Amino acid sequence: MYREEWSAEKNQEVFGKCANPNWHGHNYNLFVTVKGEITHATGYLIDLKELKEIINEHVIEKLDHKNLNLDVPFMAGKMASTELLTIEIFNQLKGPIEAYEGVFLHSVRLFETENNSAEYFGD
1 MYREEWSAEK NQEVFGKCAN PNWHGHNYNL FVTVKGEITH ATGYLIDLKE
51 LKEIINEHVI EKLDHKNLNL DVPFMAGKMA STELLTIEIF NQLKGPIEAY
101 EGVFLHSVRL FETENNSAEY FGD
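In full-length UniProt numbering, the protein residues as written are 1 to 123.
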């Protein structure tokens, strides 16, 4: 995380060890929660195989082994913080998930580390 218009000192002060003009990386864990009425004939809200395919197509394939600052169109011009990434992932998933009748995207939670995460509910 680095803002070119700031001095190296200010970047260090604000972003700490994440202040690096040449970027840095993380291995994230993503949790997606949906809500709605369960279909009693199937016993589920959405087939988890289909949900996995949506997540893979709209998020994982776009982010995996990519530089968020350079290679991910939906992050263009945005600071690659966990909070903003969580919001943008939510935005990528909302339409495809809610294309299923009665299925709603409830939240996206993204873990940057075991103890640090951000969660977004579309508010």
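Even glycine gets a Cβ: it sits at the ideal position worked out from N, Cα and C. What you are looking at is a predicted structure, and each value in this text was computed from that prediction instead of being measured.
Per DSSP, the unbroken beta strand (DSSP E) holding Phe-31 starts and ends at 29-36. Sequence-distant Cβ neighbours of Glu-37 in its own chain, meaning closer than 8 Å and more than five residues away, are Leu-45 and Gly-102. Annotation for Leu-51: Val-32, Val-34 and Ile-97 place their beta carbon closer than 8 Å to its own, counting only its chain and skipping 5 residues before and after. A residue is called buried when at least 16 other Cβ atoms come within 10 angstroms of its Cβ; Thr-86 meets this threshold and is buried. A distance below 8 Å separates the beta carbons of Gly-122 and Lys-94. At the C-beta level, His-26 and Glu-83 stay beyond 8 Å of one another. Of the residues Ser-117, Ile-54, Lys-10 and Val-108, the one whose Cα lies closest to the Cα of Phe-90 is Val-108. Following the DSSP letters along the chain, one finds Ala-118 inside the beta strand (DSSP E) bounded by residues 117-120.
As the crow flies, the alpha-carbon of Phe-74 is around 10 Å from that of Val-59.
Residue ranges of uninterrupted beta strand (DSSP E) with 3 or more members, entirely inside the segment 70-119 and ordered along the chain, are 103-111. In terms of Cβ geometry, Leu-105 and Leu-30 do not form a close pair [threshold 8 Å].
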